[in-house]
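Novice: What follows is a structure written as structure tokens; I'll ask about it next.
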Amino acid sequence: MTATQPKPAASSAGETRVLTLIQAITEAMAEELARDERVVVFGEDVGARGGVFLATAGLQEQFGQKRVFDTPLSEASIVGAAVGMAVRGLRPIAEIQFADYMGPGFDQIISQAAKIRYRSGGQFTAPLVIRTPSGGGVKGGHHHSQSPESYFAHTPGLKVVMPSTPYDAKGLLKAAVRGGDPVIYFEPKRLYRAAKGEVPAGDYTVEIGQGAVRREGSDLTIIGYGGVMPDAEKAAQALAAEGVHAEVIDLRSLVPWDRDLVLTSVSKTGRAVLVSEAPRTSNFMGEVAYVIQEQLFDQLLAPVMQVAGFDTPYPYVQDKVYLPGANRIAAACVRVLNY
Amino acid sequence: MIQPFTSDPLRWVAEDGQPIRELPARFTPEVLRDLHREMVRAREFDKKLVTLLRQGRTTFYAQASGMEATQVGLARSIRVGHDWVWPYYRDHALGLAMGVPMLDLVSQCLGTNSDLCRGRQMPHHFGATRQNFVSISSSIASQVPPAAGNAMAQKYLGTDELTVCTFGDGATSEGDWHAGMNMAGAYGAPCLFVCENNQWAISTNLRAQTASESIHIKAKAYGMPGYYVDGNDIVAVMEVLSHVAQDVRSGKGPALVECLTYRVGSHSNADADAEKNYRTREEVNAWLARDPIVRVERLLEHLGAPVSAEERADLITATHREVDEAVLAAEATGQPDWRIVFEDVYADTPVHLREQAAFLREEQTALTDGAVRA
């Protein structure tokens, strides 16, 4: 395949539309496919079917089977092939149908994608994106609801992102496609259609590693990412009704994560509540808590509190009980405030 | 003599119901009627569960319409409760024909207190110890290496059991499939691998799945025989599977049987619009003409013992009643509460889970009391 360098990005005229999170993801892929012919999109059912959640709907029709194609049912093949394509100069966007099914591709992710730059002294690189729906809240039981981001955040060489808004979904995906590293791009599936927001019609990227302040406040900082963000904001609203001003931070990226933003906020508020839906033990937020206590020990007014999933497989029937909803987040905030 | 590695699927009964080979004596009209009844029961179960989905009483279902001969034929070719089965997620006809009670199956689909799997798994992922029917998992082909291990244990323990491992055509692309086949072959484990080749892995056709001309020939690479069967001909399925199961049981090592069939419905409720999206109405119609239930009816006609319209209607009514009663009985047991989140994670609940359970108990009590405001 001949590949040319990317065309210059179209400039944004400032026009925005309201899109859902999944529409923003589709649009990002469509624009990147149009911008750079090295970009290819593939995975199980991404072609005619358009992906199980329809994230790739219409892309094969628009860009043809050479650019957007179905693969055999094999995550090891999908990820491994993405590594080989990236080494050879393409920009693969591989879809793993559910994050729960990254297991068979795990060795390819941690042994090949994550290590090839390091083990070759930078001679070979694998800039690729693995997109995958993750998290619960959709009655999927444990094979369709897990949050495995910590496995990947624990592996040097990978970047790990998880948007919670349509704006970030598009901007982060474009940044991931254009970057020089393998990126695991988690999509909080319960927000696919629930999260709606303004998205620029034109080209833009969201830098990987930058968090965002969703709400300013002075009394405590709530830090989360992905599917828990709407509940974190709901909890902050409920606290505001009681006269408590919570600052809400969306990490957006786990590797690298925005330490400066978190530390600046927590040094201002003196209190932190960390929210994620992954099981608590070895949860990525444990790292955030560690850095907060290491850097801000003297300024903390209360212990850092974690609100996480339980250390159990994700249940089917008690789906909603497992997730840290607004009530649980608010209760943790109250404990931190009353410490 | 039943030969492996044939270029065409082995077949006993033509689509018009005429026997192509001599009909084995065991297929008396009574036996064929029993098989027909079991296939109709599975077919009607499909219809009822799709209705339950539409009513919002369950949230997921994977139809097996069109695949009944393969699954019922398999159930009738092994020793139920003696042999072990590692099924895949479309195997309810297999489960029903193996004697998994309707209430157990329906309870799992509804996630009620009567669910043996305790509301942990998504619907249509049942398991039953009485039938040695190991709990179904969603992750494709992940049951294949454990099935090989199950068979290795049977050989180690010197039993005359065998292990049956089922999967679809898509699963044969996964690394786990190759790993499990290789392990069973290398160890000579008594494992009967059954590919229910329904030709579609969600929207991916077999031709896009593999460049192999068939699935069964892959057996050669793992040092075991591969048989190719018309999976819509229940006589062929039973003749081949009984013969191969006997070989496997008697210490000849593992074998692969590919049953060529067709999933008439969608993959699941997630792609109810299969015909619009990825396959043609003509293709579906062509396979509808090869319907395994109709084939048995035509065979019975040929044998001069037809199933009357009234009999068929009675069968359908009886199954609908059976499912309805199971649904009511299951729903009457209620939904498992929050405690099921923490049970069965480990053999003994470790301290951190006891703490997390205590936290949730407190939260649930407080929520019930309306004491926590958000």
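Going down the list, the protein sequences come from chains A and B.
Per the numbering used here, the very first residue in the first sequence carries number 17; after that it's consecutive.
Per the numbering used here, the very first residue in the second sequence carries number -8; after that it's consecutive.
Ideal Cβ placement from N, Cα and C applies to all residues, glycine included.
According to DSSP, what are the bridge partners of F85 of chain A?
Specialist: A:F58
Novice: Examine the Cβ distances between the segment 251 to 258 of chain B and the segment 188 to 200 of chain B and report whether three or more of them are shorter than 8 angstroms.
Specialist: yes
Novice: Following the continuous beta strand (DSSP E) through V154 of chain A, name the residue where it begins and the one where it ends.
Specialist: Taken as a continuous stretch (DSSP letters only), V154 of chain A belongs to no beta strand (DSSP E), as it is neither H nor E.
Novice: Anyone know if the C-beta pair for E263 of chain A and T280 of chain A falls short of 7 angstroms?
Specialist: no
Novice: Find the nearest neighbour of V62 of chain A within the set A:E77, A:Q162, A:A92, judged by alpha-carbon distance.
Specialist: A:E77
Novice: For a cutoff of 7 angstroms on Cβ pairs, would you count S292 of chain A as touching chain B?
Specialist: no
Novice: Can you find the residues in the same chain that come closer than 7 angstroms, C-beta to C-beta, to M143 of chain B, ignoring five residues on each side of it along the sequence?
Specialist: Y178, A180
Novice: In terms of alpha-carbon separation, which member of A:E43, A:G152, A:K131 lies closest to Y332 of chain A?
Specialist: A:G152
Novice: Might you give, ordered along the chain, the residues of its own chain that have their beta carbon closer than 6 angstroms to the beta carbon of A318 of chain A, omitting 5 neighbours on each side?
Specialist: Counting only Cβ-Cβ distances below 6 angstroms, and skipping sequence neighbours, we find R287, V352, Y355.
Novice: For the alpha helix (DSSP H) holding N173 of chain B, just list the boundary residues, first then last.
Specialist: According to the DSSP assignment, N173 of chain B belongs to the alpha helix (DSSP H) that extends over 166 to 178.
Novice: What's the gap between the Cα of I38 of chain A and the Cα of A71 of chain A?
Specialist: 6 angstroms
Novice: On the DSSP bridge assignment, give the partners of V199 of chain A in chain order.
Specialist: A:V145, A:K175
Novice: Of all the residues that make up the segment 117 to 136 of chain A, which are near chain B by a beta-carbon distance shorter than 8 angstroms?
Specialist: Y117, G119, P120
Novice: Using 8 angstroms for Cβ pairs, my map puts D160 of chain B next to Q112 of chain B. What's the rounded Cβ distance?
Specialist: With 8 angstroms as the limit, D160 of chain B and Q112 of chain B do not qualify as a contact, their Cβ atoms being about 23 angstroms apart.
Novice: Going by DSSP, what residues sit across from N188 of chain B in a beta bridge?
Specialist: B:L251
Novice: Compare the Cα-Cα distances from I284 of chain B to each of B:D(-1), B:T(-3), B:R32 and report the closest residue.
Specialist: B:R32
Novice: Using a beta-carbon distance below 7 angstroms, is T328 of chain A in contact with chain B?
Specialist: Output row for T328 of chain A: interface = yes.
Novice: State the DSSP-derived secondary structure class of V356 of chain A, mapped to helix, strand or coil.
Specialist: Not covered by the structure: residue 356 of chain A. The range shown for chain A is 17 to 355.
Novice: Check whether chain A comes within 7 angstroms of R345 of chain B, counting only Cβ atoms and requiring the distance to be less than that.
Specialist: no
Novice: Which residues of chain B have a Cβ atom closer than 9 angstroms to the Cβ of E249 of chain A, listed in chain order?
Specialist: What E249 of chain A touches in chain B: nothing, since even the nearest Cβ is about 12 angstroms away.
Novice: Rounded to the nearest angstrom, how far is the Cβ of I193 of chain B from that of D262 of chain B, given a contact under 8 angstroms?
Specialist: 6 angstroms
Novice: So, for K346 of chain A: in the same chain, excluding its five sequence neighbours on each side, which residues have a beta-carbon less than 7 angstroms away from its beta-carbon?
Specialist: The amino acid occupying residue 346 of chain A in the given sequence is Ala; Lys does not appear at that position. Correct list, in chain order: A251, A254, L255.
Novice: What residue does the alpha helix (DSSP H) around W278 of chain B start on, and which one ends it?
Specialist: 272 to 279
Novice: For M172 of chain B, is the classification buried or exposed, using 16 other Cβ atoms within 10 angstroms of its Cβ as the cut-off for buried?
Specialist: Buried: at least 16 other Cβ atoms inside 10 Å.
Novice: Verify whether the separation of the beta carbon atoms of P182 of chain A and L49 of chain A is less than 7 angstroms.
Specialist: For P182 of chain A and L49 of chain A, no; Cβs fall outside 7 angstroms.
Novice: Grouping DSSP H, G and I as helix and E and B as strand, with all else coil, what is C108 of chain B?
Specialist: coil
Novice: Where do the ends of the beta strand (DSSP E) carrying E334 of chain B lie?
Specialist: Careful: E334 of chain B lies outside any beta strand (DSSP E) and carries neither H nor E.
Novice: Do D167 of chain B and A212 of chain B have their C-beta atoms within less than 7 angstroms of each other?
Specialist: no
Novice: Does the CB of Y218 of chain B have a neighbour CB from chain A at under 7 angstroms?
Specialist: no
Novice: Assign S136 of chain A to one of two classes, buried (16 or more other C-beta atoms within 10 Å of its C-beta) or exposed (fewer than that).
Specialist: exposed
Novice: Report the rounded CA-to-CA distance for D95 of chain B versus G110 of chain B, giving the unit in angstroms.
Specialist: Using only the alpha carbons, I get a separation of about 12 angstroms.
Novice: Among A:R206, A:V350, A:Y134, which residue has its Cα nearest to the Cα of G242 of chain A?
Specialist: A:R206
Novice: In whole angstroms, what separates the C-alpha of H170 of chain A from that of I126 of chain A?
Specialist: 10 angstroms
Novice: Counting contacts by CB-CB distance shorter than 7 angstroms, is T50 of chain B in contact with chain A?
Specialist: For T50 of chain B, the answer is yes, since a Cβ of chain A falls inside 7 angstroms of its Cβ.
Novice: So V144 of chain A and A185 of chain A are supposed to be a Cβ contact under 8 angstroms. How far apart are they, rounded?
Specialist: Inspection of the sequence shows that residue 144 of chain A is occupied by Leu rather than by Val. Incorrect: roughly 18 angstroms between the Cβ atoms, too far for contact.
Novice: Identify the contact partners of H159 of chain A in chain B, using a Cβ-Cβ distance below 9 angstroms as the criterion.
Specialist: Q112, M113, H116, S128, S129, S130
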